[in-house]
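Undergrad:
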Amino acid sequence: MEDNHHEYTQLEKNRLEKAARLREQGIEPYPHRVQRSHTSQAAIQAFEALENDEGAEAVQATLVGRIRSMRPMGKLVFAHIEDGAGRIQLFIRANDVGKEQLDLFKSEFDLGDFVEASGEVFRTRTGEISLRVNEFRILAKAITPLPAAKDEVTEEGEVVRHASLTDPETRYRQRYADLAINEEVREIFRVRAGVSRALRDFMDDRGFLEVETPILQPIYGGAAAKPFVTHHNQLKQELYLRISFELYLKRLLVGGYERVYEIGRDFRNEGVDRTHNPEFTQIEFYWAYADYNDVMRLTEEMVRYVAEQVTGGTTIEYQGNQIDLSKDWQRIELKEGLIELASIDIDEYPDAESLAAAMRAKDMKVDPKAPRGKLIDTLIGEFVEPTLIQPSFLYNYPRDISPLAKNLPGDSATVERFEGFMAGFELCNAFTELNDPIEQELRFQEMGRAYTDEDEERHPMDEDYLRAMRYGMPPNGGFGMGVDRLTMLFTDKANIREVILFPHLRSRED
RNA sequence: GGGCGCGUAGCUCAAUGGUAGAGCAGUGGCCUUUUAAGCCAUUGGUUGAAGGUUCGAGUCCUUCCGCGCUCACCA
Numbered sequence: 001m002e003d004n005h006h007e008y009t010q011l012e013k014n015r016l017e018k019a020a021r022l023r024e025q026g027i028e029p030y031p032h033r034v035q036r037s038h039t040s041q042a043a044i045q046a047f048e049a050l051e052n053d054e055g056a057e058a059v060q061a062t063l064v065g066r067i068r069s070m071r072p073m074g075k076l077v078f079a080h081i082e083d084g085a086g087r088i089q090l091f092i093r094a095n096d097v098g099k100e101q102l103d104l105f106k107s108e109f110d111l112g113d114f115v116e117a118s119g120e121v122f123r124t125r126t127g128e129i130s131l132r133v134n135e136f137r138i139l140a141k142a143i144t145p146l147p148a149a150k151d152e153v154t155e156e157g158e159v160v161r162h163a164s165l166t167d168p169e170t171r172y173r174q175r176y177a178d179l180a181i182n183e184e185v186r187e188i189f190r191v192r193a194g195v196s197r198a199l200r201d202f203m204d205d206r207g208f209l210e211v212e213t214p215i216l217q218p219i220y221g222g223a224a225a226k227p228f229v230t231h232h233n234q235l236k237q238e239l240y241l242r243i244s245f246e247l248y249l250k251r252l253l254v255g256g257y258e259r260v261y262e263i264g265r266d267f268r269n270e271g272v273d274r275t276h277n278p279e280f281t282q283i284e285f286y287w288a289y290a291d292y293n294d295v296m297r298l299t300e301e302m303v304r305y306v307a308e309q310v311t312g313g314t315t316i317e318y319q320g321n322q323i324d325l326s327k328d329w330q331r332i333e334l335k336e337g338l339i340e341l342a343s344i345d346i347d348e349y350p351d352a353e354s355l356a357a358a359m360r361a362k363d364m365k366v367d368p369k370a371p372r373g374k375l376i377d378t379l380i381g382e383f384v385e386p387t388l389i390q391p392s393f394l395y396n397y398p399r400d401i402s403p404l405a406k407n408l409p410g411d412s413a414t415v416e417r418f419e420g421f422m423a424g425f426e427l428c429n430a431f432t433e434l435n436d437p438i439e440q441e442l443r444f445q446e447m448g449r450a451y452t453d454e455d456e457e458r459h460p461m462d463e464d465y466l467r468a469m470r471y472g473m474p475p476n477g478g479f480g481m482g483v484d485r486l487t488m489l490f491t492d493k494a495n496i497r498e499v500i501l502f503p504h505l506r507s508r509e510d
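See below:
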């Protein structure tokens, strides 16, 4: 690896020289203290409020922000600065600041610099509310030019972006630059924050207690996924980054809480694609004395509530599809859905061999080692999932892929589990939780047999979880949902990386 | 991991195997109500990396790196 010394480009050298020249003039390019009286939008609103009031005094303001555009015109400079609230135009005139100051601004200030400017708010001849600057100061000199974007505001008020940063690799690796110039990217993460807040409000309002459970776990579980492995030096112990919260949250029901939830990060050491990131955010809740029917109804309410909070409505457009969240979700029994869409009645194929044969008859590639449940899941992915554009619950899943779910009464091969879908992808997963410790131990053993010892997805036996359950666990319904995917729906993004601030990319020496 | 595609200036993109270019940004000028400001001039490149074919490679071949789409995988 080469040394980490940054090789400055000519553009950067220019700006370093500008910073040096400012210092020579006794101007600190990175001062400690800042004055600010208004945000850009507050100044504009204050002006608008008093504009038609003849007797009102002019609005004096000290504003701060980053220079996003500059139009020098001889003895006058127009510039836009951008702060957290928006943009406002600066009007800097030799008459107001003096020729020396104007020249200083024109020669040493660049796009991307943070500045402070004071003056009176007014409206220019063309009607734009602006700050007539009589004093300004640099707050932070930018050395690297932002990957320049020029915005054109049409007469309809539409913003047309010219030559912005669009290369996805650079956008993700240098998210700070992406955010700095692409306002709509900043908006994505405001929506994301709104989704988290709405989820918390929803759960809190219904008496669910927000808790935090271990991320570093001696035994991973609650899902079938490969974990990340790490090591505690002093304890000389292997630890896993959690793949789900489930087993810890249900221990809390044993402890006496009736309703708990957690929003946090899961880690799965698996493939990366447009709906999978190695770390992702989940919400899980466990609800004592509820079953999966109750959980379905709560899910409908929850997603509708989040939509209302985040978008103001109950209809969303996702990748060209209108999705209606105002109504109850479609309920499709898994078996019926497969008969209808795959023309396969799974009851006629009670074992993996016969089902695999039926699938091969449909020209499907079939993993010869796959257990029956996994084959059924393949059928769902192939025939059912892509058709579920409107919100839908697929319910009653095969027992052998659901070791933590309770049997359907009178049906030992099926469990009370559902998955929620919309826009053609899986959004959530829930079941009536298994709370019989003897049955649970049996299920763990079955899972152990379903996978070979080397298989990293093999379900490890969690003895402590069984011990907890033996103390008595109330009947309960549990639920998990990907917050990233939910955010994708509300931001109309097809790639999970668009809704993760710093998505994982392969390391690169650059 | 497989298939397909992409990688050229700070950004967005051109360039039949034949002198690497444009717009924006930058730099130097002109310009006191502009807003993709305008006008004149001008700097800027190890064409992702390394090999190879060729008189000659951004272009063709091989390998590698990275990204995208897709398939597989992911209860």
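Final position of the first sequence in this note's numbering is 510; the numbers increase by one with none missing. Quick reminder that beta carbons are idealized off the backbone N, C-alpha and C, glycines included.
(1) Across which residues does DSSP place Phe-418 in a beta bridge pair?
(2) Just verifying my parser: in three-state terms, what is the DSSP assignment at Glu-212?
(3) Tyr-176 to Glu-183, Cα distance in whole Å?
(4) Is Asp-510 buried or exposed, if buried means 16 or more other CB atoms sit within 10 Å of its CB?
(5) Let me check one thing: in DSSP terms, what residues is Val-64 bridge-paired to?
(6) Using only alpha-carbon positions, find the residue among Val-64, Phe-136, Trp-329 that is nearest to Ala-85.
(7) Is the beta carbon of Tyr-220 sitting closer than 7 angstroms to the one on Ile-243?
(8) Output the boundary residues of the beta strand (DSSP E) element that contains Gly-477.
(9) Is Ala-352 closer than 7 angstroms to Pro-368 when the C-beta atoms are compared?
(10) Compute the Euclidean distance between the alpha carbons of Thr-491 and Leu-209, then round it to the nearest angstrom.
(11) If Tyr-292 and Gly-424 are in contact, beta carbons under 8 angstroms, what's the gap, nearest whole angstrom?
(12) Would the segment 282 to 299 count as touching the segment 337 to 352 if we require 3 or more Cβ pairs under 8 angstroms?
(13) Within 10 angstroms of the Cβ of Glu-539, are there 16 or more other Cβ atoms? Answer buried if so, exposed if not.
(14) Tell me the DSSP secondary structure of Thr-9 in three-state form.
(15) Can you confirm whether the segment 409 to 426 touches the segment 379 to 398 when touching is taken to mean that 3 or more C-beta pairs between the two stretches lie within less than 8 angstroms?
(16) Can you find at least 3 beta carbon pairs, one from the segment 244 to 257 and one from the segment 485 to 500, that sit closer than 8 angstroms?
(17) Between the alpha carbons of Ala-198 and Tyr-305, how many angstroms are there, rounded?
(18) What are the start and end residues of each continuous beta strand (DSSP E) run of 3 or more residues lying completely inside the segment 326 to 363, in chain order?
(19) Using beta-carbon positions only, say whether Phe-431 and Ala-405 come within less than 7 angstroms of one another.
(20) Nearest by alpha-carbon distance to Phe-189: which of Arg-251, His-38, Val-499, Ile-215 is it?
(21) Among residues of its own chain, excluding the 5 on either side of Asp-328, which ones have a beta-carbon nearer than 7 angstroms to its beta-carbon?
(22) Relative to the C-alpha of Asp-178, which candidate in Leu-341, Leu-334, Pro-145, Ala-58 has its C-alpha closest?
(23) At 4 residues or longer, and completely inside the segment 359 to 388: list those alpha helix (DSSP H) runs for me, N to C.
(24) Answer with buried or exposed for Tyr-8, where buried requires no fewer than 16 other C-beta atoms within 10 angstroms of its C-beta.
(25) Under 7 angstroms, do Asp-436 and Leu-247 count as touching if we go by C-beta distance?
(26) How do the segment 267 to 274 and the segment 306 to 319 stand: do at least 3 beta-carbon pairs fall below 8 angstroms, yes or no?
(27) Just checking, does the segment 13 to 28 make contact with the segment 92 to 102 on the three C-beta pairs under 8 angstroms criterion?
TA: In this structure, then:
(1) Here residue 418 refers to the residue found at position 418 when the first sequence is read from its first residue. Its beta-bridge partners are Tyr-395, Ala-430.
(2) Residue mapping note: residue 212 aligns to position 212 of the first sequence, counting from 1. Coil, per DSSP.
(3) For the purposes of this step, residue 176 is taken as residue 176 along the first sequence, with counting starting at 1. For the purposes of this step, residue 183 is taken as residue 183 along the first sequence, with counting starting at 1. Approximately 12 angstroms between the Cα atoms of the pair.
(4) Taking the first residue of the first sequence as position 1, residue 510 is located at position 510. For Asp-510, the predicted structure reports a pLDDT of 48, less than 50, and the residue's modelled location is therefore unreliable. The matter cannot be settled from this model.
(5) The residue you call residue 64 lines up with position 64 of the first sequence. Looking at the DSSP assignment, Val-64 forms a beta bridge with Glu-116.
(6) By 1-based counting over the first sequence, the position of residue 85 is 85. Ranking Val-64, Phe-136, Trp-329 by Cα distance to Ala-85 puts Val-64 first.
(7) The sequence position of residue 220 within the first sequence is 220, counting from 1. The sequence position of residue 243 within the first sequence is 243, counting from 1. Going by C-beta atoms, Tyr-220 is nearer than 7 angstroms to Ile-243.
(8) As a working mapping, residue 477 is identified with position 477 in the first sequence. Unbroken beta strand (DSSP E) run through Gly-477: 476 to 482.
(9) Looking up residue 368 in the first sequence gives position 368. Looking up residue 352 in the first sequence gives position 352. No. Outside cutoff.
(10) What you label residue 491 is simply residue 491 of the first sequence in a count that begins at 1. What you label residue 209 is simply residue 209 of the first sequence in a count that begins at 1. Rounded to whole angstroms, Thr-491 to Leu-209 spans 28 angstroms at the Cα level.
(11) Locating residue 292 in the first sequence gives position 292, where the first residue counts as 1. Locating residue 424 in the first sequence gives position 424, where the first residue counts as 1. 23 angstroms between Cβ atoms; not a contact.
(12) no
(13) No answer is possible for residue 539: the residues shown for the chain start at 1 and end at 510.
(14) Here residue 9 is taken as the residue at index 9 of the first sequence, counted from 1. In the structure shown, Thr-9 sits in coil (DSSP, three-state: anything other than H, G, I, E or B).
(15) yes
(16) no
(17) To locate residue 198, count along the first sequence from 1; it is residue 198. To locate residue 305, count along the first sequence from 1; it is residue 305. Each residue's Cα considered, the two are about 7 angstroms apart.
(18) 330 to 333
(19) Within the first sequence, numbered from 1, the residue matching residue 431 stands at position 431. Within the first sequence, numbered from 1, the residue matching residue 405 stands at position 405. Yes, they are a contact pair.
(20) By one-based count along the first sequence, residue 189 stands at place 189. Residue Val-499 is the option with its Cα nearest to Phe-189.
(21) In the first sequence, residue 328 corresponds to position 328, counting from 1. Result list for Asp-328: Glu-300, in chain order.
(22) Here residue 178 refers to the residue found at position 178 of the first sequence. With distances taken between Cα atoms, Asp-178 lies closest to Pro-145.
(23) 372 to 379
(24) Here residue 8 refers to the residue found at position 8 of the first sequence. Exposed, since its Cβ has fewer than 16 Cβ neighbours within 10 Å.
(25) To locate residue 436, count along the first sequence from 1; it is residue 436. To locate residue 247, count along the first sequence from 1; it is residue 247. Their beta carbons are not under 7 angstroms apart, which means Asp-436 does not touch Leu-247 by this criterion.
(26) no
(27) no
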